[in-house]
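Asks:
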Amino acid sequence: MGALAGVTWLFLFAFLRWPRVEGECNSTLNGSGYIYSPNYPDNYNNDDYCWYRIEVPEEGYTSIDFRDFDLEWSTTCQFDSLAIAKYSNRQTEVRCGRFDYLYEGSETSFYEINFKTDGSVTSKGFFAEVLTMMPLKCDKGWTEFQLGCYRFVDERKTALEAQSACEDVGADLASIHGDKEFQFIWEHASSSPLWIGLRAQDSRRKWIDGTSYDYKISNLDFSPDDGFAYIWTDEWVKENCASTKQGPPRERKDCVYASLHSKGGLPDEVRFPFVCKKDRPTTIFKGD
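Per mature numbering (1 follows the signal peptide of the UniProt record, and there is no 0): the sequence shown = residues -23 to -1, 1 to 265.
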(Lines of atoms letter the chains of each structure in order from A and count residues from 1; the text may use other names and numbers.)
(Lines give C-alpha, C1' and ligand atoms only; values in the text may rest on other atoms or scores of the structure.)
Protein backbone atom coordinates (compact mmCIF):
# COMPACT_ATOMS: atom_id res chain seq x y z
CA MET A 1 0.00 0.00 0.00
CA GLY A 2 2.83 2.37 0.90
CA ALA A 3 4.63 1.67 -2.38
CA LEU A 4 1.42 2.31 -4.35
CA ALA A 5 0.88 5.59 -2.52
CA GLY A 6 4.45 6.59 -3.29
CA VAL A 7 4.00 5.90 -7.02
CA THR A 8 0.73 7.85 -7.08
CA TRP A 9 2.40 10.79 -5.33
CA LEU A 10 5.23 10.70 -7.88
CA PHE A 11 2.76 10.89 -10.76
CA LEU A 12 0.92 13.78 -9.11
CA PHE A 13 4.17 15.61 -8.40
CA ALA A 14 5.22 15.35 -12.06
CA PHE A 15 1.68 16.26 -13.11
CA LEU A 16 1.72 19.47 -11.06
CA ARG A 17 5.31 20.47 -11.87
CA TRP A 18 5.29 19.92 -15.67
CA PRO A 19 6.16 23.33 -17.13
CA ARG A 20 4.66 23.21 -20.60
CA VAL A 21 1.60 21.58 -22.03
CA GLU A 22 -1.31 19.81 -20.39
CA GLY A 23 -3.82 17.87 -22.46
CA GLU A 24 -7.18 18.40 -20.87
CA CYS A 25 -10.39 17.17 -22.45
CA ASN A 26 -10.89 18.41 -26.05
CA SER A 27 -7.42 19.87 -26.52
CA THR A 28 -4.48 19.83 -28.95
CA LEU A 29 -0.84 19.28 -28.00
CA ASN A 30 2.00 20.23 -30.34
CA GLY A 31 4.86 19.23 -28.08
CA SER A 32 5.61 17.26 -24.95
CA GLY A 33 3.29 17.20 -21.96
CA TYR A 34 0.55 15.11 -20.39
CA ILE A 35 -2.93 13.91 -21.29
CA TYR A 36 -5.38 12.56 -18.75
CA SER A 37 -9.02 11.61 -18.32
CA PRO A 38 -11.52 14.04 -16.75
CA ASN A 39 -11.25 14.26 -12.93
CA TYR A 40 -7.99 12.27 -12.84
CA PRO A 41 -6.86 10.90 -10.37
CA ASP A 42 -10.51 10.64 -9.25
CA ASN A 43 -12.98 8.55 -11.23
CA TYR A 44 -14.19 9.85 -14.58
CA ASN A 45 -17.87 10.64 -15.22
CA ASN A 46 -20.59 8.58 -16.86
CA ASP A 47 -21.65 9.48 -20.40
CA ASP A 48 -18.47 11.40 -21.08
CA TYR A 49 -16.69 12.07 -24.36
CA CYS A 50 -13.29 13.69 -24.90
CA TRP A 51 -10.89 14.05 -27.79
CA TYR A 52 -7.15 14.75 -27.72
CA ARG A 53 -5.12 15.65 -30.80
CA ILE A 54 -1.33 15.33 -30.71
CA GLU A 55 0.49 17.08 -33.55
CA VAL A 56 3.99 15.88 -34.38
CA PRO A 57 6.47 18.25 -36.10
CA GLU A 58 8.19 17.18 -39.30
CA GLU A 59 10.95 14.63 -38.57
CA GLY A 60 9.71 14.37 -34.98
CA TYR A 61 8.90 11.17 -33.12
CA THR A 62 6.23 11.09 -30.45
CA SER A 63 5.70 8.41 -27.83
CA ILE A 64 2.77 8.13 -25.44
CA ASP A 65 3.54 6.41 -22.14
CA PHE A 66 0.38 5.54 -20.22
CA ARG A 67 1.64 5.46 -16.64
CA ASP A 68 -1.83 4.76 -15.26
CA PHE A 69 -4.67 3.10 -17.18
CA ASP A 70 -7.89 1.81 -15.60
CA LEU A 71 -11.13 1.78 -17.62
CA GLU A 72 -14.19 -0.41 -17.28
CA TRP A 73 -13.36 -3.70 -18.99
CA SER A 74 -15.40 -5.58 -21.58
CA THR A 75 -14.37 -8.06 -24.27
CA THR A 76 -15.03 -5.62 -27.11
CA CYS A 77 -14.53 -2.36 -25.16
CA GLN A 78 -18.11 -1.32 -25.99
CA PHE A 79 -18.72 0.43 -22.65
CA ASP A 80 -15.77 2.66 -21.69
CA SER A 81 -12.86 2.91 -24.11
CA LEU A 82 -9.87 4.88 -25.40
CA ALA A 83 -9.42 4.82 -29.18
CA ILE A 84 -5.95 5.76 -30.49
CA ALA A 85 -5.73 6.58 -34.20
CA LYS A 86 -2.38 7.07 -35.96
CA TYR A 87 -2.31 9.02 -39.19
CA SER A 88 0.73 7.06 -40.43
CA ASN A 89 -1.09 3.74 -40.89
CA ARG A 90 -4.71 4.93 -40.61
CA GLN A 91 -5.35 2.25 -38.02
CA THR A 92 -7.18 2.69 -34.73
CA GLU A 93 -6.46 0.69 -31.59
CA VAL A 94 -9.23 0.56 -28.99
CA ARG A 95 -8.22 -0.05 -25.36
CA CYS A 96 -10.10 -0.74 -22.15
CA GLY A 97 -9.50 -2.59 -18.87
CA ARG A 98 -6.48 -2.16 -16.66
CA PHE A 99 -2.81 -1.96 -17.65
CA ASP A 100 0.17 -1.46 -15.37
CA TYR A 101 1.99 0.14 -18.30
CA LEU A 102 0.97 0.87 -21.88
CA TYR A 103 3.13 2.39 -24.61
CA GLU A 104 2.36 3.82 -28.02
CA GLY A 105 5.03 5.09 -30.39
CA SER A 106 5.09 5.80 -34.09
CA GLU A 107 6.55 7.97 -36.82
CA THR A 108 3.32 9.77 -37.65
CA SER A 109 2.29 13.38 -38.20
CA PHE A 110 -0.46 13.28 -35.60
CA TYR A 111 -2.50 11.13 -33.23
CA GLU A 112 -6.24 11.40 -32.69
CA ILE A 113 -7.34 9.99 -29.32
CA ASN A 114 -10.99 9.60 -28.31
CA PHE A 115 -12.21 8.73 -24.82
CA LYS A 116 -15.83 7.73 -24.24
CA THR A 117 -17.82 6.28 -21.36
CA ASP A 118 -21.29 4.80 -20.98
CA GLY A 119 -23.96 5.39 -18.37
CA SER A 120 -22.75 3.00 -15.65
CA VAL A 121 -19.55 1.97 -13.84
CA THR A 122 -16.66 4.41 -13.64
CA SER A 123 -12.97 3.92 -12.92
CA LYS A 124 -9.84 5.96 -12.31
CA GLY A 125 -9.19 6.60 -15.99
CA PHE A 126 -5.79 7.26 -17.51
CA PHE A 127 -2.71 9.43 -17.17
CA ALA A 128 -0.09 9.53 -19.95
CA GLU A 129 3.14 11.35 -20.68
CA VAL A 130 3.52 12.58 -24.26
CA LEU A 131 7.15 12.92 -25.27
CA THR A 132 8.11 14.41 -28.62
CA MET A 133 11.72 14.01 -29.71
CA MET A 134 13.39 15.95 -32.51
CA PRO A 135 16.46 14.47 -34.23
CA LEU A 136 19.73 16.39 -34.30
CA LYS A 137 22.57 16.22 -36.81
CA CYS A 138 24.69 13.06 -36.94
CA ASP A 139 28.43 13.26 -36.30
CA LYS A 140 30.79 13.97 -39.16
CA GLY A 141 31.28 10.89 -41.32
CA TRP A 142 27.77 9.57 -40.63
CA THR A 143 24.76 9.78 -42.94
CA GLU A 144 21.33 10.68 -41.56
CA PHE A 145 18.13 8.80 -42.31
CA GLN A 146 14.98 9.07 -40.23
CA LEU A 147 16.03 8.46 -36.59
CA GLY A 148 19.32 6.72 -37.40
CA CYS A 149 22.92 7.58 -38.23
CA TYR A 150 24.70 5.29 -40.72
CA ARG A 151 28.32 4.75 -41.62
CA PHE A 152 29.13 2.91 -44.85
CA VAL A 153 32.53 1.21 -44.69
CA ASP A 154 34.20 -0.03 -47.88
CA GLU A 155 36.98 -1.88 -46.06
CA ARG A 156 36.35 -5.62 -46.31
CA LYS A 157 36.13 -7.48 -43.01
CA THR A 158 34.63 -10.67 -41.61
CA ALA A 159 31.24 -10.24 -39.98
CA LEU A 160 32.68 -10.41 -36.47
CA GLU A 161 35.37 -7.88 -37.37
CA ALA A 162 32.73 -5.61 -38.90
CA GLN A 163 30.53 -5.80 -35.80
CA SER A 164 33.54 -5.04 -33.61
CA ALA A 165 34.40 -2.04 -35.79
CA CYS A 166 30.83 -0.76 -35.43
CA GLU A 167 30.94 -1.21 -31.66
CA ASP A 168 34.17 0.82 -31.54
CA VAL A 169 32.20 3.83 -32.79
CA GLY A 170 29.14 3.24 -30.57
CA ALA A 171 27.04 1.41 -33.15
CA ASP A 172 26.06 -2.04 -34.43
CA LEU A 173 25.83 -3.58 -37.85
CA ALA A 174 22.67 -2.06 -39.29
CA SER A 175 19.16 -3.36 -38.77
CA ILE A 176 16.57 -2.72 -41.49
CA HIS A 177 12.89 -2.17 -40.79
CA GLY A 178 11.19 -1.19 -44.02
CA ASP A 179 11.40 -0.60 -47.77
CA LYS A 180 12.48 3.03 -47.35
CA GLU A 181 15.40 2.09 -45.11
CA PHE A 182 16.46 -0.70 -47.48
CA GLN A 183 16.28 1.76 -50.40
CA PHE A 184 18.41 4.24 -48.44
CA ILE A 185 21.09 1.58 -47.86
CA TRP A 186 20.90 0.51 -51.52
CA GLU A 187 21.52 4.08 -52.65
CA HIS A 188 24.50 4.66 -50.34
CA ALA A 189 26.30 1.31 -50.39
CA SER A 190 29.36 1.54 -52.64
CA SER A 191 29.59 -2.21 -53.25
CA SER A 192 27.62 -5.40 -52.83
CA PRO A 193 27.22 -7.71 -50.98
CA LEU A 194 27.67 -6.10 -47.57
CA TRP A 195 27.19 -7.20 -43.96
CA ILE A 196 24.15 -6.14 -41.98
CA GLY A 197 23.24 -6.81 -38.34
CA LEU A 198 20.97 -9.81 -38.85
CA ARG A 199 22.07 -13.15 -37.48
CA ALA A 200 20.55 -16.64 -37.73
CA GLN A 201 20.86 -18.64 -34.51
CA ASP A 202 18.93 -21.78 -33.57
CA SER A 203 16.59 -21.38 -36.56
CA ARG A 204 15.71 -17.85 -35.45
CA ARG A 205 16.67 -14.52 -36.97
CA LYS A 206 17.66 -11.69 -34.64
CA TRP A 207 18.99 -8.19 -35.10
CA ILE A 208 22.23 -7.53 -33.26
CA ASP A 209 20.91 -4.21 -31.92
CA GLY A 210 17.97 -5.94 -30.21
CA THR A 211 15.22 -4.41 -32.38
CA SER A 212 12.31 -6.54 -33.57
CA TYR A 213 12.57 -8.68 -36.70
CA ASP A 214 9.65 -7.10 -38.54
CA TYR A 215 10.86 -6.75 -42.12
CA LYS A 216 11.63 -9.51 -44.61
CA ILE A 217 14.59 -8.93 -46.92
CA SER A 218 14.65 -10.89 -50.17
CA ASN A 219 18.24 -10.18 -51.30
CA LEU A 220 19.70 -12.01 -48.34
CA ASP A 221 22.14 -14.83 -47.55
CA PHE A 222 23.82 -16.06 -44.38
CA SER A 223 27.40 -16.96 -43.64
CA PRO A 224 27.64 -20.69 -42.78
CA ASP A 225 30.37 -19.94 -40.22
CA ASP A 226 28.78 -17.47 -37.82
CA GLY A 227 25.25 -16.98 -39.16
CA PHE A 228 25.64 -13.29 -40.03
CA ALA A 229 23.59 -12.00 -42.95
CA TYR A 230 24.84 -10.20 -46.01
CA ILE A 231 22.65 -8.47 -48.55
CA TRP A 232 22.90 -7.91 -52.27
CA THR A 233 21.86 -4.37 -52.99
CA ASP A 234 20.87 -5.29 -56.57
CA GLU A 235 18.90 -8.47 -57.24
CA TRP A 236 20.24 -8.91 -60.79
CA VAL A 237 23.86 -8.86 -59.56
CA LYS A 238 23.20 -11.88 -57.38
CA GLU A 239 21.09 -13.78 -59.90
CA ASN A 240 22.58 -12.96 -63.27
CA CYS A 241 25.83 -11.06 -63.61
CA ALA A 242 25.87 -11.88 -67.31
CA SER A 243 22.88 -9.59 -67.73
CA THR A 244 23.32 -6.61 -70.02
CA LYS A 245 21.04 -4.52 -67.82
CA GLN A 246 22.58 -1.15 -67.05
CA GLY A 247 23.14 -0.05 -63.47
CA PRO A 248 25.50 1.84 -61.17
CA PRO A 249 29.24 1.39 -61.92
CA ARG A 250 29.80 -0.61 -58.74
CA GLU A 251 27.78 -3.56 -60.05
CA ARG A 252 30.47 -5.02 -62.32
CA LYS A 253 33.05 -5.57 -59.55
CA ASP A 254 30.33 -7.16 -57.42
CA CYS A 255 30.02 -9.91 -60.05
CA VAL A 256 33.20 -11.57 -58.75
CA TYR A 257 31.46 -12.31 -55.45
CA ALA A 258 28.18 -13.23 -57.12
CA SER A 259 30.00 -15.79 -59.25
CA LEU A 260 31.81 -17.29 -56.25
CA HIS A 261 28.54 -17.40 -54.31
CA SER A 262 26.70 -19.23 -57.08
CA LYS A 263 29.46 -21.87 -57.26
CA GLY A 264 29.76 -22.25 -53.52
CA GLY A 265 33.29 -20.91 -53.73
CA LEU A 266 33.25 -18.18 -51.11
CA PRO A 267 36.29 -18.41 -48.79
CA ASP A 268 35.84 -19.70 -45.23
CA GLU A 269 36.47 -16.28 -43.72
CA VAL A 270 34.52 -14.25 -46.24
CA ARG A 271 35.11 -10.50 -46.10
CA PHE A 272 32.61 -7.88 -47.21
CA PRO A 273 32.04 -4.14 -46.77
CA PHE A 274 29.47 -3.26 -44.12
CA VAL A 275 27.14 -0.61 -42.77
CA CYS A 276 26.99 0.52 -39.13
CA LYS A 277 23.94 2.12 -37.54
CA LYS A 278 23.28 3.97 -34.30
CA ASP A 279 20.48 6.10 -32.91
CA ARG A 280 20.43 9.67 -34.07
CA PRO A 281 20.91 12.17 -31.21
CA THR A 282 17.65 13.81 -30.18
CA THR A 283 16.31 16.65 -28.06
CA ILE A 284 12.94 17.03 -26.35
CA PHE A 285 10.50 19.25 -28.24
CA LYS A 286 8.36 21.14 -25.71
CA GLY A 287 6.05 22.85 -28.16
CA ASP A 288 5.66 26.25 -29.73
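The beta-carbon is built from N, C-alpha and C at its ideal position, and this holds for glycine as well.
From this set, Leu108, Glu35, Gln55 and Val146, which residue's C-alpha is nearest Lys263's C-alpha?
Replies: It is Leu108.
Asks: Have a look at the DSSP bridge pairing and note the partners of Glu81.
Replies: The partner list for Glu81 (beta bridge, DSSP) reads Ile41.
Asks: For Glu81, count neighbouring C-beta atoms within 10 Å of its own C-beta (all shown protein chains included) and say buried if the count is 16 or more, exposed if not.
Replies: Buried: at least 16 other Cβ atoms inside 10 Å.
Asks: Leaving out five residues before and five after Asn3 in sequence, what residues of the same chain have Cβ atoms less than 7 Å from its Cβ?
Replies: Taken in chain order, the residues that qualify are Cys27 and Trp28.
Asks: Is the separation between the beta-carbon of Arg176 and that of Cys253 shorter than 8 Å?
Replies: In this structure, Cys253 does not lie closer than 8 Å to Arg176 by Cβ.
Asks: Which residue wins for smallest C-alpha separation from Phe103, given the options Asn22, Asp116 and Glu144?
Replies: Nearest option by C-alpha distance: Asn22.
Asks: Can you tell me whether Pro170 is buried or exposed, with buried defined as 16 or more other CB within 10 angstroms of its CB?
Replies: That one is buried.
Asks: Excluding the 5 residues flanking Glu55 on each side, which residues of the same chain have their C-beta closer than 6 Å to its C-beta?
Replies: Reading the sequence as shown, one finds Gln at residue 55 and not Glu. Correct list: empty, nothing qualifies.
Asks: Could you check whether the Cβ of Val247 sits closer than 8 Å to any Cβ belonging to chain D?
Replies: In summary, chain D is missing from the structure at hand, where a single protein chain is found.
Asks: Between the alpha carbons of Thr52 and Gly74, how many angstroms are there, rounded?
Replies: Straight-line Cα distance between these residues: approximately 9 Å.
Asks: Who are the Cβ neighbours of Asp95 in its own chain at under 6 Å, not counting the five residues just before and after it?
Replies: Contacts found: Phe56.
Asks: Looking only at its chain, what residues have a beta carbon closer than 7 Å to the beta carbon of Ser58, apart from the 5 residues adjacent to it on each side?
Replies: Here the set comprises Leu48, Val71, Arg72, Cys73 and Lys93.
Asks: Suppose you measure from the CA of Pro226 to the CA of Trp172; what does that come to, to the nearest Å?
Replies: Since pLDDT at Pro226 reaches only 39, below the 50 mark, its modelled position is unreliable, and no value is offered.
Asks: Leaving out the 5 sequence neighbours to the left and right, which residues in its chain are closer than 7 Å to Ala139 when beta-carbon positions are compared?
Replies: Cβ neighbours of Ala139 beyond the five flanking positions: Leu150, Trp172 and Phe251.
Asks: What does the alpha-carbon distance come out to for the pair Ala105 and Ile41?
Replies: Roughly 6 Å between the two C-alpha positions.
Asks: Using three-state DSSP, classify residue 277 as helix, strand or coil.
Replies: The question about residue 277 has no answer, for the chain in this structure spans -23 to 265.
Asks: For Arg257 and Thr120, I'd like the C-alpha separation in whole angstroms.
Replies: Taking the straight line from one Cα to the other gives about 10 Å.
Asks: Leaving out the 5 sequence neighbours to the left and right, which residues in its chain are closer than 6 Å to Ile261 when beta-carbon positions are compared?
Replies: Same-chain partners within the cutoff: Ser9.
Asks: What are the boundary residues of the alpha helix (DSSP H) that Trp50 is part of?
Replies: Looking at the DSSP string, Trp50 is not in any alpha helix (DSSP H), and its letter there is neither H nor E.
Asks: Let me check one thing: in DSSP terms, what residues is Cys126 bridge-paired to?
Replies: According to DSSP, Cys126 bridges with Glu121 and Lys255.
Asks: Please state whether DSSP places Glu144 in a helix, a strand or coil.
Replies: Correct three-state label for Glu144: helix.
Asks: Indicate whether Tyr88 and Lys117 have their beta-carbon atoms separated by less than 8 Å.
Replies: No, Cβ-Cβ distance for Tyr88 and Lys117 is not below 8 Å.
Asks: Can you look up Lys101 in the DSSP assignment and give me helix, strand or coil?
Replies: In this structure, Lys101 counts as coil in the three-state DSSP scheme.
Asks: Within 10 angstroms of the Cβ of Lys255, are there 16 or more other Cβ atoms? Answer buried if so, exposed if not.
Replies: By the neighbour-count rule (16 or more Cβ atoms within 10 Å), Lys255 is buried.
Asks: Can you name the residues that DSSP bridges to Leu108?
Replies: BP columns for Leu108 point to Ser40.
Asks: Could you name the residues that DSSP lists as bridge partners for Gln68?
Replies: Paired residue(s): Lys63.
Asks: Grab the span of the beta strand (DSSP E) containing Glu32 for me, first residue to last.
Replies: That run of the beta strand (DSSP E) goes Tyr26 to Glu32.
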